[in-house]
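Residue numbers (my numbering): 76 to 458. The structure appears right after this line, and notes come after that.
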């Protein structure tokens, strides 16, 4: 049974504190198209999350071409597969910019992949739109961050769990994949919790590798930690396909949301697809978008997605919405600048506002992050 999220609370944050495969298009001279790079893993541990983002970008490019393209030219997608290999991300980024001459790149999921490509975008002076929540503490001229920073996801999620509505949690398990985003985010959260009066012995931190599959020991430790008589919650920064066995083991060991709720930062409808979510009902996720959002903009986006992908069961998710916002910002900035020249477009993007899918607008701030609503969703049993 496919899982879905219902939105149970909504908060707002003004901003942030801190060799390609050419998708077929009609034959034309190279100068007659504007090439757009898509840099997402289509194989390896992150393919479960990133393949959908590639498909979303292809849809957005197709829709823009149906409107007449951009600056009188059609857009041409250039898709590469960095294969969940972090050094390969840098190689593929260089290939997209130097060989394929793309005007901008939309891609990456993990922070380690983003950090791998940063020197390439700086050296070759191109643009990356990065669509996933991350640890913050970064603002690069050549990058636009359309995902959430900690104050737009992690901190509000912890505040919710501390509240009466969130269960008045007193003990905390910070469970993450072993790389920069979970470690930095958990460092921020640990300091935040201690500042709120949480004792060190009431915080447990654990990391596992990418692609981790044997969760029995880790989940047993969570269960034991939660048996001390204080309300306990798990804050999960587990990424990629490791989420599937993690949630399966939670169900196997009978950990229910009313006992030890899990608040995930990297799990959406896509990661739950194919899981029996019956034992997972009530577990939580913090994002800035869920498929269940009831707005005309979202209804159209979902309908367009199902038509494009030819599968009514394919879900939408938060990073897809971030690409939707980022792509529309790029289009608007190119039109504003009258050119795809990266330097001129970078200057033009700042201050651009476009509709998001939650019924409001997102604005690109001078620090290259966008304004976003903060949402808490609850896993439902229905597909």
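Note that the Cβ used here is the ideal one computed from N, Cα and C, for glycine as well.
- Query: What span of residues does the beta strand (DSSP E) with residue 446 cover, start to end?
  - Reply: As a position in the chain shown, residue 446 is number 371, starting the count at 1. Run containing residue 446: none; DSSP gives neither H nor E here.
- Using the rule of at least 16 other Cβ atoms within 10 Å of the residue's Cβ for burial, across every protein chain shown, is residue 288 buried or exposed? Start at 1 with the first residue of the chain shown, and residue 288 comes out as number 213. Exposed.
- Tell whether a beta-carbon distance below 9 Å holds between residue 279 and residue 249. Residue 279 sits at position 204 when you count from the first residue of the chain shown. Residue 249 sits at position 174 when you count from the first residue of the chain shown. In this structure, residue 249 lies closer than 9 Å to residue 279 by Cβ.
- Message: Taking only three categories from DSSP, how would you classify residue 252?
- Response: Along the chain shown, read from residue 1 onward, the residue named residue 252 stands at position 177. Reduced to three states, the DSSP call for residue 252 is strand.
- Identify, in the order they occur along the chain, each residue of the same chain with its Cβ nearer than 7 Å to the Cβ of residue 187, setting aside the five sequence neighbours on each side. As a first step, residue 187 is located in the chain shown; it is residue number 112 there, counting from the start. Excluding positions up to five away in sequence, the list reads 161, 254 and 255.
- Query: residue 252 and residue 285: beta carbons closer than 9 Å?
  - Reply: Within the chain shown, the letter at position 177 stands for residue 252. Within the chain shown, the letter at position 210 stands for residue 285. Going by C-beta atoms, residue 252 is nearer than 9 Å to residue 285.
- Would you call the stretch 223-234 and the stretch 355-362 touching, i.e. three or more CB-CB distances under 8 Å? yes
- Task: Output the residue ranges of the beta strand (DSSP E) runs that lie fully inside the stretch 257-331 and measure 3 residues or longer, sorted by chain position.
- Result: 278-283 and 307-312
- Could you name the residues that DSSP lists as bridge partners for residue 151? Position 76 of the chain shown, counting from 1, holds the residue named residue 151. Paired residues: 110.
- Task: Count the other CB atoms, across all protein chains shown, that sit within 10 Å of the CB of residue 190; report buried if there are 16 or more and exposed otherwise.
- Result: Reading the chain shown from its first residue, position 115 is the one you call residue 190. Buried.
- Message: I need the DSSP call for residue 335, collapsed to helix, strand or coil.
- Response: Counted from its first residue, the chain shown places residue 335 at position 260. Note: residue 335 maps to coil in three-state DSSP.
- Item | Burial state of residue 455 (16 or more Cβ within 10 Å) | The sequence position of residue 455 within the chain shown is 380, counting from 1. It counts as buried.
- So what's residue 452 in DSSP terms, helix, strand or just coil? Here residue 452 is taken as the residue at index 377 of the chain shown, counted from 1. The answer is strand: DSSP assigns residue 452 an E or B state.
- Query: Per DSSP, what kind of secondary structure is residue 360 in: helix, strand or coil?
  - Reply: Counting from 1 along the chain shown, the entry for residue 360 is found at position 285. In the structure shown, residue 360 sits in a strand (DSSP, three-state: E or B).
- Message: Helix, strand or coil, according to DSSP, for residue 389 in the structure here?
- Response: Residue mapping note: residue 389 aligns to position 314 of the chain shown, counting from 1. Three-state DSSP puts residue 389 in coil, outside helix and strand.
- Query: Closest by CA to residue 275, which one among 298, 292, 295 and 245?
  - Reply: Along the chain shown, one-based indexing puts residue 275 at 200. For the residues 298, 292, 295 and 245, the minimum Cα distance to residue 275 belongs to 245.
- Query: How about residue 338: is its Cβ closer than 8 Å to a heavy atom in the ligand COA?
  - Reply: Ligands in the displayed structure: none, and consequently the ligand COA is not present.
- Message: Let me confirm a value: residue 291 is counted as buried when at least 16 other C-beta atoms fall within 10 Å, else exposed. Which label applies?
- Response: Here residue 291 corresponds to residue number 216 of the chain shown, with the count starting at 1. Per the 10 Å Cβ criterion, exposed.
- Give the DSSP-derived three-state secondary structure of residue 438 in the structure shown. As a working note, residue 438 is residue 363 in the chain shown. Strand.
- Message: Quick test of your reading: residue 427 and residue 436, contact by CB under 8 Å. State the CB separation rounded to the nearest angstrom.
- Response: Here the question's residue 427 lines up with position 352 in the chain shown. Here the question's residue 436 lines up with position 361 in the chain shown. With 8 Å as the limit, residue 427 and residue 436 do not qualify as a contact, their Cβ atoms being about 10 Å apart.
- Pair every Cβ in the stretch 190-201 with every Cβ in the stretch 261-275, then say whether three or more of these pairs are closer than 8 Å. no
- Task: Tell me whether residue 182 is buried or exposed, calling it buried when 16 or more other Cβ atoms sit within 10 Å of its Cβ.
- Result: The residue labelled residue 182 in the question sits at position 107 within the chain shown. The residue in question, residue 182, is buried, as its Cβ has 16 or more Cβ neighbours within 10 Å.
- Task: Specify the secondary structure class of residue 207 as computed by DSSP and reduced to three states.
- Result: In the chain shown, counting from the first residue as 1, residue 207 sits at position 132. It is coil, neither helix nor strand.
- Query: Where does residue 97 sit, in a helix, a strand or coil, going by DSSP?
  - Reply: Along the chain shown, one-based indexing puts residue 97 at 22. Summary for residue 97: the model assigns pLDDT 39, below 50, so the residue's position carries little reliability, and this model does not support an answer.
- Task: Note the first and the last residue of the continuous beta strand (DSSP E) segment covering residue 365.
- Result: Stepping through the chain shown from its first residue, residue 365 is reached at position 290. Element bounds for residue 365: n/a, residue is neither H nor E.
- Could you pull out every residue in the same chain whose Cβ sits closer than 6 Å to the Cβ of residue 149, ignoring the five residues on either side in sequence? Counting from 1 along the chain shown, the entry for residue 149 is found at position 74. 108 and 140.
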